[in-house]
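Visitor: Input: one structure, supplied below.
Protein chains: 2
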Amino acid sequence: MTSPARKSRPGPRRALTEEEILEATLNLLDEGGMKAASIRGIAARVGVAPNAVYTYFPDKAAVVQAIVEHLLGQVDHAVFADRDVPWRQRIEALALELRERLTAHPGAVNLTIGGPMNGPHALALNERLMGILVDTGLTPGDAAKAAYLLIVYVFGSIALEVAESGETHRLPPEAERIAARQTGFSAIPTETHPLSAAAAGTMAGYISTEQYIWGLRKVLDGITAGPISEADTSKAFAG
Amino acid sequence: MTSPARKSRPGPRRALTEEEILEATLNLLDEGGMKAASIRGIAARVGVAPNAVYTYFPDKAAVVQAIVEHLLGQVDHAVFADRDVPWRQRIEALALELRERLTAHPGAVNLTIGGPMNGPHALALNERLMGILVDTGLTPGDAAKAAYLLIVYVFGSIALEVAESGETHRLPPEAERIAARQTGFSAIPTETHPLSAAAAGTMAGYISTEQYIWGLRKVLDGITAGPISEADTSKAFAG
DNA sequence: ACCTGAACACCGTTCAAGT
DNA sequence: ACCTGAACACCGTTCAAGT
Numbered sequence: 187m188t189s190p191a192r193k194s195r196p197g198p199r200r201a202l203t204e205e206e207i208l209e210a211t212l213n214l215l216d217e218g219g220m221k222a223a224s225i226r227g228i229a230a231r232v233g234v235a236p237n238a239v240y241t242y243f244p245d246k247a248a249v250v251q252a253i254v255e256h257l258l259g260q261v262d263h264a265v266f267a268d269r270d271v272p273w274r275q276r277i278e279a280l281a282l283e284l285r286e287r288l289t290a291h292p293g294a295v296n297l298t299i300g301g302p303m304n305g306p307h308a309l310a311l312n313e314r315l316m317g318i319l320v321d322t323g324l325t326p327g328d329a330a331k332a333a334y335l336l337i338v339y340v341f342g343s344i345a346l347e348v349a350e351s352g353e354t355h356r357l358p359p360e361a362e363r364i365a366a367r368q369t370g371f372s373a374i375p376t377e378t379h380p381l382s383a384a385a386a387g388t389m390a391g392y393i394s395t396e397q398y399i400w401g402l403r404k405v406l407d408g409i410t411a412g413p414i415s416e417a418d419t420s421k422a423f424a425g
Numbered sequence: 187m188t189s190p191a192r193k194s195r196p197g198p199r200r201a202l203t204e205e206e207i208l209e210a211t212l213n214l215l216d217e218g219g220m221k222a223a224s225i226r227g228i229a230a231r232v233g234v235a236p237n238a239v240y241t242y243f244p245d246k247a248a249v250v251q252a253i254v255e256h257l258l259g260q261v262d263h264a265v266f267a268d269r270d271v272p273w274r275q276r277i278e279a280l281a282l283e284l285r286e287r288l289t290a291h292p293g294a295v296n297l298t299i300g301g302p303m304n305g306p307h308a309l310a311l312n313e314r315l316m317g318i319l320v321d322t323g324l325t326p327g328d329a330a331k332a333a334y335l336l337i338v339y340v341f342g343s344i345a346l347e348v349a350e351s352g353e354t355h356r357l358p359p360e361a362e363r364i365a366a367r368q369t370g371f372s373a374i375p376t377e378t379h380p381l382s383a384a385a386a387g388t389m390a391g392y393i394s395t396e397q398y399i400w401g402l403r404k405v406l407d408g409i410t411a412g413p414i415s416e417a418d419t420s421k422a423f424a425g
């Protein structure tokens, strides 16, 4: 899929590929979470001795890092590459695509925001996002600031969304998850937390696609509300 | 500190308190990261057998959950409780206080966004934040949406900031961390990533307090840019 | 009720040895 | 160069036993 061609290597035939190991790890992650994605478990899944994995990756941290890159490499750039599409739509498409790819593997989400995102695919995404923003007339510097704000929003949203489901390794349908939150929030006592209790219904919907896009648009509104180099501190709500 | 009085319990004198265990865990976390904060390590630190910890917490997940709550309980509500202070300032104070408390324990940040934030202290913070927003005239429902957007921004920023430093358990001074990023980003090839390369300087500053507040203000701008229930999709940059 | 010693079923990683 | 068997130093957790 991502590998164009297997590089030929010296020595005896390789039993495995880095790809195969990553795919096995992802499967284990989806089935049993971080606990199941052990070096020993991975080795068993691909049919080698535990220490054979160290032929492909120096340590477990490297496997984790590679998983993150693998996942970021799966995002389909085509859905937001078209420069004729309005820029807000392009960014929304990017945000939705990223959310879809990452929530498909809940166990991997924490790994993504848990380490530095400086791999080639992460960089490519940053470049793409900046490209969309530069297309609107922003300088690279301003585009970088706006891009980071968007990245914080996207990854923060996804992380909180996945975290909310606890140790579930496959996310239930959105409606189910919202219903579960609704039930949980109904227990908030009105006496001590009147506002949270009053807004329990809204809070249950935090994890919905609708609110995800709503928040993204608010962030975009903020970005376009004034010059990037400044942020308004005087305004107040009309009400 | 947080415990007003030790509840008296039956049975032989307790050797420990939940508080003592959490403090020990936090110390281990600061010294050696998640790896060092093992049940066995904690037990050794407080001077009991490993399994004695299970008298206080049912399992390790409960210790982790308690750590998160412990940390959220440390935020000083006084710095943003004053209703005479302009609401934007109050939210900035809240955001800065939260960042200070969490970045003080980098190893715990991942735990915070890694699980559901539904403890009493988390709820209290949500209630406070909603209170500030309701003070501006928002309905509880709209305040909830705005509050979540802010929470996503704050925790997302902190998570990405801490993650960027990798396995460091005590964050170096901000200037040092930015300098390290600067060095790393200077390696971005202009040919393949022209925009990222051009904005390397800006990108290095992502983790600065200045950009943290800048982003927060942009989010606040977005919240005030129009009615909460909608988000502008028509606007485009002037340039 | 709280703590201990001992054990169980795991980890990640290393090392010497085989091909 | 790649893989294996065996071992090392760890984990979280449970259980029977002591006070």
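One line per chain: the protein sequences are A and B, in this order.
Position in the first sequence (from 1) plus 186 gives the number in the numbering used here.
Position in the second sequence (from 1) plus 186 gives the number in the numbering used here.
C-beta atoms are modelled at their ideal positions from N, C-alpha and C, and glycine is treated no differently.
Please read all numbers here as calculations on a predicted model, not as lab measurements.
What are the boundary residues of the alpha helix (DSSP H) that includes G247 (chain B)?
Guide: Checking the sequence, you will find Ala at residue 247 (chain B) rather than Gly. Here the alpha helix (DSSP H) through A247 (chain B) covers K246 to L258.
Visitor: Between the segment 219 to 230 of chain B and chain A, which residues of the former have a C-beta closer than 7 Å to a C-beta of the latter?
Guide: Answer set for the segment 219 to 230 of chain B: empty.
Visitor: Buried or exposed: where does T376 (chain B) fall if 16 or more other Cβ atoms within 10 Å of its Cβ makes it buried?
Guide: Exposed, by the Cβ-count rule.
Visitor: Considering only residues of the same chain and omitting the five flanking positions on each side of D328 (chain A), which have a CB-CB separation below 6 Å?
Guide: Contacts found: I414.
Visitor: Suppose the cutoff is 8 Å on Cβ atoms and the five residues either side in sequence are ignored; what does the same chain contact list for A235 (chain B) look like?
Guide: Excluding residues within five positions, the ones whose Cβ falls inside 8 Å are A229.
Visitor: In chain B, which residues lie with their C-beta within 7 Å of the C-beta of P326 (chain A)?
Guide: Residues of chain B passing the Cβ test: L381, A384 and A385.
Visitor: Name the chain B residues whose beta carbon is nearer than 9 Å to that of F341 (chain A)?
Guide: Result: G342, A345 and L346.
Visitor: What's the gap between the Cα of R200 (chain B) and the Cα of L319 (chain B)?
Guide: Looking at the two C-alpha atoms, the distance is approximately 44 Å.
Visitor: State the Cα-Cα distance for the pair G293 (chain A) and R285 (chain A), rounded to the nearest angstrom.
Guide: Approximately 14 Å, taken between the alpha carbons.
Visitor: Leaving out the 5 sequence neighbours to the left and right, which residues in its chain are closer than 7 Å to S343 (chain A) when beta-carbon positions are compared?
Guide: Cβ within range, chain order: Y398 and G401.
Visitor: Taking L215 (chain B) as the reference, give the member of B:T203, B:L202 and B:R231 with the closest Cα.
Guide: Checked all of B:T203, B:L202 and B:R231; the closest Cα to L215 (chain B) is B:R231.
Visitor: At the level of alpha carbons, what is the spacing between L357 (chain B) and L212 (chain B)?
Guide: Answer to the nearest angstrom: the Cα atoms are 15 Å apart.
Visitor: Applying a beta-carbon distance threshold of less than 8 Å, which residues of chain B neighbour A365 (chain A)?
Guide: Those do not exist, as A365 (chain A) stays about 15 Å from chain B at its closest Cβ, beyond 8 Å.
Visitor: Could you tell me whether the Cβ atoms of L280 (chain A) and L315 (chain A) are closer together than 8 Å?
Guide: It is a contact, given that the beta carbons lie within the stated cut-off.
Visitor: Does the distance from the CB of L297 (chain B) to the CB of V265 (chain B) come in under 8 Å?
Guide: Against a cut-off of 8 Å, the Cβ pair of V265 (chain B) and L297 (chain B) comes out as no contact.
Visitor: Assuming P326 (chain A) and A385 (chain B) form a contact by the criterion Cβ under 8 Å, report the distance between their Cβ atoms to the nearest whole angstrom.
Guide: Indeed, because the Cβ distance is near 4 Å, the residues count as touching under 8 Å.
Visitor: Helix, strand or coil: which one does DSSP assign to E377 (chain A)?
Guide: Note: E377 (chain A) maps to coil in three-state DSSP.
Visitor: Looking at chain B, which residues of the segment 402 to 414 of chain A have a Cβ within less than 9 Å of any of its Cβ atoms?
Guide: Taking 9 Å as the Cβ-Cβ cut-off against chain B, the residues of the segment 402 to 414 of chain A that qualify are L402, R403, K404, V405, L406, D407, G408, I409, T410, A411, G412 and I414.
Visitor: Taking the alpha-carbon of P306 (chain B) as reference, which of A:A361, A:S382 and A:K246 has the nearest alpha-carbon?
Guide: The candidate whose alpha carbon is nearest that of P306 (chain B) is A:S382.
Visitor: Taking 7 Å as the cut-off, is the C-beta of G233 (chain A) nearer than that to any heavy atom in the ligand FMN?
Guide: The ligand FMN is not part of the structure shown, which contains no ligands of any sort.
Visitor: Run through chain B and tell me which residues come within less than 7 Å of T395 (chain A), C-beta to C-beta.
Guide: Those do not exist, as T395 (chain A) stays about 14 Å from chain B at its closest Cβ, beyond 7 Å.
Visitor: Suppose contacts are defined by Cβ-Cβ distances below 8 Å. Is I253 (chain A) in contact with L324 (chain A) by that definition?
Guide: No, the pair does not count as a contact, with Cβ atoms beyond the cut-off.
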